[in-house]
Amino acid sequence: MKNILVTGGTGFIGSHTVLELLNQNYRVTVIDNLSNSKLESLKRVETITGRNACFKKIDLLDVKALEELFSTNDFDAVIHFAGLKAVGESVEYPLRYYKNNINGTVNLCEAMVNAGVKNIVFSSSATVYGDPEKSPILEDSPLTSVNPYGRTKLTIEYILQELHYADDTWNIALLRYFNPVGAHESGEIGEDPNGIPSNLMPFITQVAVGKLPELKIFGGNYPTHDGTAIRDYIHVCDLATGHLKALEKLDENPGIAIYNLGTGKGSSVLDVITAFEKATGMMIPYTITDRRSGDAVICYADVTKANNELNWKTHRDLVDMCRDSWNWQQKNPDGYL
Ligand code: UD1
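If you're matching positions, the sequence shown starts at 59 in our numbering and goes up one per residue.
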């Protein structure tokens, strides 16, 4: 599989995956509606790799454009990142999330069926485990969703599984990401959130760069070693290589499979602050406030399945993640502009 369509390829995880694909000599076409990302990310990927991807500004709700795209290309597989991803916004505008994420995926799959392309890697999330009863979390743990964003991820997983049950020539990898952070070591591409970040790492880097006064830690009395909530942070470059391994898997061992992509290691909010201070020498002022509604207490992955079946593992630790996030933020204090 050498000719890959990447939906949402200008976003945070998409751009890092495109970089890795180009480095490995894949032919890459990126489609994106640029609603939440900038084309500049792809330009920088091309500069870093010295290779080009084909870009088309296409919205997955545009059925005609998708048909045209598939009729004029011969894709081997699709990596599907495109989707809205802000939890708070999804609660405020649920229909926007259902329409964009679910209808968009159905349109994509229909275009794939019509073109006879039946290999897909889907960008799912650990959000499908809700507030898990125990960690490390295995792929067959109970699933739930606590907000419209999470429900779109879970629903798309079900849609793709049902596609495979109806036609087992579909080859599908559902990748459940834990908490992607970090940036490419060049500092040229990274996470570029709109407005005030709701995720921890971009919030910390914006405090460090002086754009925000202090971090508010959501909850200091959780039943954890230091009272703050625990997550499985994974470097976006390690996450990106997981997608290439998933493509190889679809080739060598067809069928449908679900994989957790994390490090398998839990870190508290205070652990992240300590690692950030170690990596950068910067102090992060913080106060502890109320818990954020809907937050899990402890959520980290069992990554044995991905390690064994994808022959994939992570190489970067929390200090690396903090150093690279900070490098990106420092070089690009206002994102891609
Ligand atoms: C959040 C989403 C999750 C989504 C994921 C995508 C919620 C409730 N969950 O996950 O559905 O899949 O992002 O990346 O929004 N924290 C602070 N202060 C902050 C920001 C975060 O203390 O200003 C804490 C959080 O309480 C949490 C940890 O940092 O314990 C990580 O938060 P975050 O980066 O938002 O990720 P998740 O909550 O795991």
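Think of the CB as a built atom: it goes at the ideal place given N, C-alpha and C, for glycine as much as any other residue.
These numbers were taken from a predicted model, which means no experiment stands behind them.
C-alpha distance - residue i paired with residue j, whole-angstrom precision
| i | j | result |
| --- | --- | --- |
| V145 | G253 | 14 Å |
| L376 | E125 | 43 Å |
| D324 | I356 | Correcting the residue identity first, residue 324 is Gly in this sequence and not Asp. Computed Cα separation, rounded: 8 Å. |
| H293 | R381 | 11 Å |
| M340 | W386 | 15 Å |
| N131 | T213 | 28 Å |
| V64 | V121 | 17 Å |
| E150 | I230 | 31 Å |
| A359 | S326 | 14 Å |
| W228 | F133 | 14 Å |
| E243 | N390 | 13 Å |
| I137 | G67 | 9 Å |
| V186 | S148 | 15 Å |
| D284 | G278 | 8 Å |
| I331 | Y344 | 9 Å |
| D225 | N61 | 23 Å |
| V76 | V103 | 8 Å |
| Y223 | L305 | 20 Å |
| G188 | A354 | 7 Å |
| V175 | P281 | 47 Å |
| T105 | K192 | 43 Å |
| Y394 | P255 | 15 Å |
Residue j beta carbon less than 8 Å from that of residue i
| i | j | result |
| --- | --- | --- |
| N237 | Y291 | yes |
| L80 | T107 | yes |
| L319 | L233 | yes |
| A135 | G162 | no |
| K9 | W370 | Any question about residue 9 goes unanswered here, given that the chain covers just 59 to 395. |
| S129 | S99 | no |
| K114 | T87 | yes |
| P152 | P190 | no |
| A270 | Q264 | Note that residue 270 is Leu in the sequence shown, not Ala. Their beta carbons are under 8 Å apart, which means L270 touches Q264 by this criterion. |
| N165 | L201 | no |
| A298 | E78 | yes |
| Q219 | I314 | yes |
| T210 | I160 | yes |
| Y235 | S181 | yes |
| F261 | R349 | no |
| L127 | C167 | no |
| A266 | T338 | yes |
| K363 | E197 | yes |
Of the residues the options, the one placed nearest residue i, counting alpha carbons only
| i | options | result |
| --- | --- | --- |
| G240 | V86, D90, L63, H373 | H373 |
| V97 | Y84, K176, F70, K122 | Here the sequence assigns Leu to residue 97, which means Val is not the residue at that position. Here the closest residue by C-alpha is F70. |
| I342 | W228, P391, G322, E272 | E272 |
| N177 | V327, Y358, E367, H301 | H301 |
| E367 | D329, A111, L308, L119 | L308 |
| S199 | P281, R349, I316 | I316 |
| N83 | R109, K157, G245, T362 | R109 |
| C112 | C295, K336, A123, I89 | I89 |
| T286 | A337, T347, A173, D250 | T347 |
| C295 | K60, S383, N61, P194 | S383 |
| G208 | A184, S193, Y223 | A184 |
| P312 | N172, V179, R85, G188 | V179 |
| V361 | K101, G174, I195 | I195 |
| G268 | R85, D392, S95, N94 | D392 |
| G245 | S193, S256, D353, M379 | M379 |
| S351 | V204, K157, E335, L328 | V204 |
| M170 | Y156, Y155, A123, L395 | A123 |
Residues that DSSP places opposite residue i in a beta bridge
| i | result |
| --- | --- |
| D360 | Per DSSP, none; premise fails for D360. |
| P312 | Its beta-bridge partners do not exist; DSSP assigns none. |
| F276 | T347 |
| H293 | V239 |
| A231 | V179, A315 |
| R381 | Looking at the DSSP assignment, R381 forms no beta bridge with any residue, so it has no partner. |
| A135 | I62 |
| C112 | T87 |
| S325 | R289 |
| I195 | A359 |
CB contact check: residue i to chain C, cutoff 8 Å
| i | result |
| --- | --- |
| Q387 | Among the chains of the structure shown, chain C does not appear; only one protein chain is present. |
Any non-hydrogen atom of the ligand GDP within 7 Å of residue i CB
| i | result |
| --- | --- |
| A287 | Within the structure as shown, the ligand GDP is missing, the only ligands being the ligand UD1. |
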